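Undergrad:
Numbering (our numbering), first residue to last: 9 to 103.
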């Protein structure tokens with residue numbers, strides 16, 4: 009029998025390669041994106057959350073992407089289109 013010891017700092021702990029984006033100083037008045045997975049446990053919560061977020065941050069625009077299925081990823085083209093229209097995105101992943 010061979011026992012192998014692996015580093016707990018595997019490659020997955022490296023930051024993904026990609027373009028760096030700067031943080032926002034404030035969310036108020038910016039373009040808001042809402043990405044919701046439509047998980048059954050959040051059906052009542054999410055619409056209320058959207059109203060509260062809109063009242064709190066007073067976004068200049070709101071763009072929404074609601075996934076067709078909780079279990080599948082949103083199409084890459086939908087995410088890319090959303091990213092091009094907003095300054096930040098709030099993601100609702102469910103229960």
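Here a beta-carbon is modelled for each residue, glycine too, at the ideal position from N, C-alpha and C. All values reported here derive from a predicted model rather than from experimental measurement.
Using alpha carbons as the reference points, say which of 28, 51, 10 lies closest to residue 101.
TA: 51
Undergrad: Decide if residue 59 is buried, meaning its Cβ has at least 16 other Cβ atoms within 10 Å, or exposed.
TA: Residue 59 is exposed by the Cβ-count criterion.
Undergrad: Taking the alpha carbon of residue 45 as the reference point, which residue from 11, 36, 55, 37 has its own alpha carbon closest?
TA: 55
Undergrad: DSSP on residue 42, reduced to helix/strand/coil?
TA: strand
Undergrad: Thinking C-beta only, is residue 37 closer than 8 Å to residue 67?
TA: Contact annotation: residue 67 and residue 37 have beta-carbon atoms nearer than 8 Å.
Undergrad: Within 10 angstroms of the Cβ of residue 43, are there 16 or more other Cβ atoms? Answer buried if so, exposed if not.
TA: Residue environment analysis places residue 43 among the buried positions, since at least 16 neighbouring C-beta atoms fall within 10 angstroms of its C-beta.
Undergrad: Measuring CA to CA, which of 63, 94, 10 is closest to residue 72?
TA: 94
Undergrad: Among 85, 79, 81, 64, which one has its Cα closest to the Cα of residue 34?
TA: 64
Undergrad: Does the Cβ of residue 41 have 16 or more other Cβ atoms within 10 Å, making it buried, or fewer, making it exposed?
TA: buried
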